[in-house]
Amino acid sequence: MVSGPVLIVGAGHAGFQLAASLRQHGHGERIALINDEAHLPYQRPPLSKAYLKGDGAPDSLMFRPDKFYREQNIELLADRVVAIDRAARKLLVASGASLDYGHLVLATGARNRLLDIPNASLEDVRYLRTLDESETLRRRLAHGQRVVVIGAGFIGLEFAATARAKGLEVDVLELAGRVMARAVTAEISDYFQDRHTAAGIRLHLGVQATSIEGHGGKVTGVSLSNGQHVPADLVVVGVGVLPNVELAADAGLPVAAGIIVDEQLRTSDPLISAIGDCALYASPRYGASLRLESVQNATDHARCVAARLTGDAKAYDGLPWFWSDQGPDKLQIAGLTTGYDRVAVRGDPAEGSFSAFCYKSDRLVGVESVNRAGDHVFGRRILAANGSISPEQARDLSFDLKRALG
Numbered sequence: 075m076v077s078g079p080v081l082i083v084g085a086g087h088a089g090f091q092l093a094a095s096l097r098q099h100g101h102g103e104r105i106a107l108i109n110d111e112a113h114l115p116y117q118r119p120p121l122s123k124a125y126l127k128g129d130g131a132p133d134s135l136m137f138r139p140d141k142f143y144r145e146q147n148i149e150l151l152a153d154r155v156v157a158i159d160r161a162a163r164k165l166l167v168a169s170g171a172s173l174d175y176g177h178l179v180l181a182t183g184a185r186n187r188l189l190d191i192p193n194a195s196l197e198d199v200r201y202l203r204t205l206d207e208s209e210t211l212r213r214r215l216a217h218g219q220r221v222v223v224i225g226a227g228f229i230g231l232e233f234a235a236t237a238r239a240k241g242l243e244v245d246v247l248e249l250a251g252r253v254m255a256r257a258v259t260a261e262i263s264d265y266f267q268d269r270h271t272a273a274g275i276r277l278h279l280g281v282q283a284t285s286i287e288g289h290g291g292k293v294t295g296v297s298l299s300n301g302q303h304v305p306a307d308l309v310v311v312g313v314g315v316l317p318n319v320e321l322a323a324d325a326g327l328p329v330a331a332g333i334i335v336d337e338q339l340r341t342s343d344p345l346i347s348a349i350g351d352c353a354l355y356a357s358p359r360y361g362a363s364l365r366l367e368s369v370q371n372a373t374d375h376a377r378c379v380a381a382r383l384t385g386d387a388k389a390y391d392g393l394p395w396f397w398s399d400q401g402p403d404k405l406q407i408a409g410l411t412t413g414y415d416r417v418a419v420r421g422d423p424a425e426g427s428f429s430a431f432c433y434k435s436d437r438l439v440g441v442e443s444v445n446r447a448g449d450h451v452f453g454r455r456i457l458a459a460n461g462s463i464s465p466e467q468a469r470d471l472s473f474d475l476k477r478a479l480g
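Residues 75 to 480 in the numbering used here are what the sequence shown lists, from first letter to last.
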């Protein structure tokens, strides 16, 4: 059980969920969420999906209205943490104040990886991770004509699909040989490449942006490694993120590709935990250290730490799952498919509804589903239970997946 104030640095999915869960578990002492954005804590996934399309006002993104925090006695501190004084158990913030903690939780998230090519700092070169960035792009989509998207990951393709639906000319540049290459199987990549191409999006695969071209401070296009020039009045960059580990590192906590934590999400200092996108955690399920970027990971981390701080300590063993909405298609992923060596396809890509069941040494390790929510739910349940079905059963539409769950 923790005694004293719980300070949470970061008010994204992980930070918000931790504060809410602590109150649900009966923690009665001070809880403060320290947020360096000028908004109530909000959901991020809609920023590149429904909200970007123009659906809803900013209030529609907020986890809870302001009165929730008052009623739950959760303090929202609009400030930026500049240092951790571990010996004194204090946080130092940019406003000059110092805050005492009984337990500190770092939910610092991640930031956009910046493009490092000539003219990448032009005003028309944009990123998409925060509400303010999404607001800016919503306005630009209403007046833009040609956009180049650098990076064919989830965010880049979600944005590209929205921009195309709004009538813009869209080119997507990707260094890899297929879209979402680091995240999904070739079967899923092929499907989405066909869908985006059919929608009128031009995909440039196996190429790299070498410079942003501009005139009078405005973007005019992008030069590619193959010598091609693609005209544009807007460039949107989605080339991954970097975990925010600097605060932890400056405090002497071990960091690598994230803030290093154990299976209970504790740092080397037992009074400090780290959760969400910034945490590199020891996973009993996978026998490796993982850093994942997903809503599920953030919220489940938060629930695990809230339980530990209120007397129910357990190792974190959540099953990862993800999703991406691209145009009319919903991609859902259960499990981690790294190192898969066999794929069994259930359903028909030509009909716009299928799943790729991924195997490693004949053991099911992940299910990637396109417009097949039932397969996704099955994948989450069977993988969470460490179960499996054969590739032959996965392909056979007459095989009852529910029966395999017992």
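Glycine included, each C-beta is placed from N, C-alpha and C at the ideal position.
Unbroken alpha helix (DSSP H) run spanning residue i, endpoints
i, result
"Pro-465", "465-469"
"Thr-236", "228-239"
"Val-451", "447-458"
"Glu-197", "Per DSSP, Glu-197 belongs to no alpha helix (DSSP H) and is neither H nor E."
"Ser-208", "205-217"
"Leu-479", "Element bounds for Leu-479: n/a, residue is neither H nor E."
Per-residue burial, residue i [other beta carbons within 10 Å of its own, 16 or more giving buried]
i, result
"Asn-147", "exposed"
"His-270", "buried"
"Glu-232", "buried"
"Glu-248", "buried"
"His-87", "buried"
"Asp-449", "buried"
"His-303", "exposed"
"Thr-373", "buried"
"Asn-460", "exposed"
"Gly-350", "buried"
Under 8 Å between C-beta atoms of residue i and residue j
i, j, result
"Val-309", "Val-296", "yes"
"Ser-77", "Phe-228", "no"
"Gln-219", "Asp-307", "yes"
"Ile-333", "Val-315", "no"
"Glu-207", "Arg-213", "no"
"Ala-322", "Thr-341", "yes"
"Lys-215", "Ala-237", "Reading off the sequence shown, one finds Leu at residue 215, where the question assumed Lys. It is a contact, given that the beta carbons lie within the stated cut-off."
"Phe-431", "Ala-447", "no"
"Ser-347", "Val-379", "yes"
"Leu-92", "Val-179", "yes"
"Ile-456", "Leu-479", "yes"
"Leu-96", "Ile-108", "no"
Endpoints, beta strand (DSSP E) assigned at residue i
i, result
"His-303", "303-305"
"Leu-166", "164-167"
"Thr-412", "Run containing Thr-412: none; DSSP gives neither H nor E here."
"Tyr-355", "353-357"
"Lys-292", "292-298"
"Asn-318", "Looking at the DSSP string, Asn-318 is not in any beta strand (DSSP E), and its letter there is neither H nor E."
"His-289", "283-289"
"Gly-421", "416-422"
"Gly-89", "Taken as a continuous stretch (DSSP letters only), Gly-89 belongs to no beta strand (DSSP E), being part of the alpha helix (DSSP H) at 87-98."
"Tyr-433", "427-434"
"Asp-399", "395-400"
"Arg-187", "Premise fails: Arg-187 is in no beta strand (DSSP E) and is neither H nor E."
Cβ distance (whole Å) where residue i is taken to contact residue j below 8 Å
i, j, result
"Val-441", "Gly-409", "6 Å"
"Val-83", "Thr-182", "6 Å"
"Ala-171", "Cys-352", "The pair is not a contact, with the Cβ atoms about 23 Å apart (cut-off 8 Å)."
"His-275", "Val-246", "The question names His, but residue 275 is Ile in the sequence shown. With a Cβ gap of about 6 Å, Ile-275 and Val-246 count as contacting."
"Val-244", "Val-223", "7 Å"
"Leu-364", "Tyr-355", "6 Å"
CB contact check: residue i to chain C, cutoff 8 Å
i, result
"Leu-189", "Chain labels in this structure do not include chain C; a single protein chain is all it has."
Return the chain-ordered ranges of every alpha helix (DSSP H) run that is complete within the segment 127-185 and spans a minimum of 4 residues.
The segment 127-185 contains these whole alpha helix (DSSP H) runs: 140-145.
Scan the segment 105-129 and note each continuous beta strand (DSSP E) run of 3 residues or more that stays entirely inside, going in chain order.
Runs of the beta strand (DSSP E) spanning 3 or more residues and lying entirely within the segment 105-129 occur at 105-109, in chain order.
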